[in-house]
Amino acid sequence: MQFGHLKRREFITLLGGAAAPWPLAAHAQQPTMPVIGFLSPSSQRFDDKLRLAPFREGLKEVGYVEGRNVAIEYRGAEHRYDRLSELTADLLRHQVAVIVAAAVKPALAAKAASTTVPIVFAIAGDPTELGLVASYNRPGGNITGVSFTTVAKQFEALHEVAPPATVIGCLLNPDNPTTKVWTREAQEATRTLGRKLEVLHARNETEIESAFATIVQKRVGALVVTSDELFNSRPEQLVALTAHHMLPAVFSQREFVLLGGLMSYGGSLSDLYRQVAVYTGRILKGANPSDLPVIQPTKVELVINVKTAKTLGVNFPLSLLGRSDEVIE
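Using my numbering, the first residue of the sequence shown is number 1, and each one after it goes up by one.
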């Protein structure tokens, strides 16, 4: 599957094209081996497989191998978002050549900390709405990256599987800067489908449990779980809760489906971080971030779990099965 402002061919052409050199040395004398600062809201245990592994693979594609001709300084906030400013300042003290911001809050923290060090973000959300860039095609300043939003498509896919659901829930973290935009997208999606929307908020593990109590009270018949660091770090809890309440749900990452979730629809994390790495490599070679348009993932994954569908008593229509990237029996 493909979507976004740039198609794969255009993306490859862009990477091969000439770009105005970016003055990496403007903010400080760079070390002999360039250093990439990797700023994450999560933990290294979580990031090693899902983010850093594909990022390193992407770097190899553009000629950079960690320890040979590039170094990576990792900083993870362990979901303590108040630490992001401090962690960003620490990376700047290490004279990093580029900061990779792995989610919205790290991107906002990095942007607030420096107007000279190039920043490449990987976010779920609209970077123009968030104030990260001036526009997709002309980001401006020292920041660019890869972004995606799939809320509307998640609602459509879930509606195909659970058409009797008159009320569809949407689980959001109110502390996530994208929540306002995603709430609007959820409202538009349910209105188009002729269904009622129940917005559910959760800021922590306890509030996730409370949200499911509300789901029972409000007779929610299906659930969209948005992409959020809190939710993505607790797949076992969310899958167990949807199973306990016999609730058809769609998630943003395939990891939920591998654990027994019904289905997922979202940008492929491996593809996302390979693209981020390619942009990072281009900047290390002299490209100006403002000349690199914000792109969306070239691959969006629809993953479905047939066994879970049977347990829930729902059926995947042939049209959805035909569009799926992975079917788990």
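All residues carry an ideal CB built from backbone N, CA and C; glycine is no exception.
Beta-bridge pairing of residue i - partner residues as DSSP gives them
i       : result
Ser-40  : Gly-76
Tyr-265 : Leu-302
Thr-144 : Val-120
Glu-229 : Its beta-bridge partners do not exist; DSSP assigns none.
Ala-101 : Leu-39, Phe-121
Ile-295 : Val-146
Phe-251 : Ser-264
Lys-196 : Val-167
Three-state secondary structure (DSSP) of residue i
i       : result
His-201 : strand
Ser-319 : helix
Lys-111 : helix
Cys-214 : The residue asked about is misnamed: residue 214 is Thr in this sequence, not Cys. It is helical.
Thr-311 : helix
Val-220 : coil
Ala-89  : helix
Glu-188 : helix
Gln-167 : In the sequence on display, residue 167 carries Val and not Gln. If DSSP states are grouped into helix, strand and coil, Val-167 belongs with the strands.
Ser-324 : coil
Leu-172 : strand
Val-70  : strand
Lys-180 : helix
Straight-line Cα distance separating residue j from residue i
i       : j       : result
His-94  : Lys-180 : 35 angstroms
Leu-258 : Arg-83  : 32 angstroms
Val-151 : His-244 : 24 angstroms
Ala-186 : Val-65  : 42 angstroms
Asn-305 : Glu-329 : 6 angstroms
Leu-230 : Pro-127 : 20 angstroms
Leu-193 : Phe-256 : 25 angstroms
Val-278 : Leu-59  : 6 angstroms
Val-216 : Pro-297 : 35 angstroms
Leu-302 : Thr-32  : 43 angstroms
Val-314 : Ala-165 : 11 angstroms
Gln-237 : Gly-260 : 11 angstroms
Ile-12  : Ala-101 : Legend: pLDDT at Ile-12 = 42, less than 50; position of this residue unreliable, no value from coordinates given.
Gly-131 : Glu-326 : 35 angstroms
Glu-73  : Pro-34  : 11 angstroms
Ser-268 : Val-120 : 17 angstroms
Leu-321 : Phe-38  : 37 angstroms
Gly-67  : Arg-282 : 18 angstroms
Ser-227 : Gly-141 : 27 angstroms
Leu-197 : Thr-190 : 6 angstroms
Val-146 : Glu-129 : 14 angstroms
Ala-202 : Thr-88  : 27 angstroms
For residue i, the nearest candidate out of the options (CA to CA)
i       : options                            : result
Arg-254 : Leu-171, Leu-130, Ile-123, Leu-50  : Leu-50
Val-98  : Ile-36, Pro-163, Asp-325           : Ile-36
Leu-91  : Leu-108, Val-117, Asn-173          : Val-117
Pro-293 : Glu-61, Ser-135, Ala-124           : Ser-135
Phe-155 : Arg-274, Met-263, Arg-80           : Met-263
Ile-168 : Thr-178, Asn-142, Phe-212, Arg-138 : Phe-212
Pro-139 : Arg-219, Thr-115, Val-224, Ser-40  : Thr-115
Residue i beta carbon near the ligand ZN (any heavy atom closer than 7 angstroms)
i       : result
Ala-112 : With respect to small molecules bound, the structure shown includes none, and the ligand ZN cannot be examined in it.
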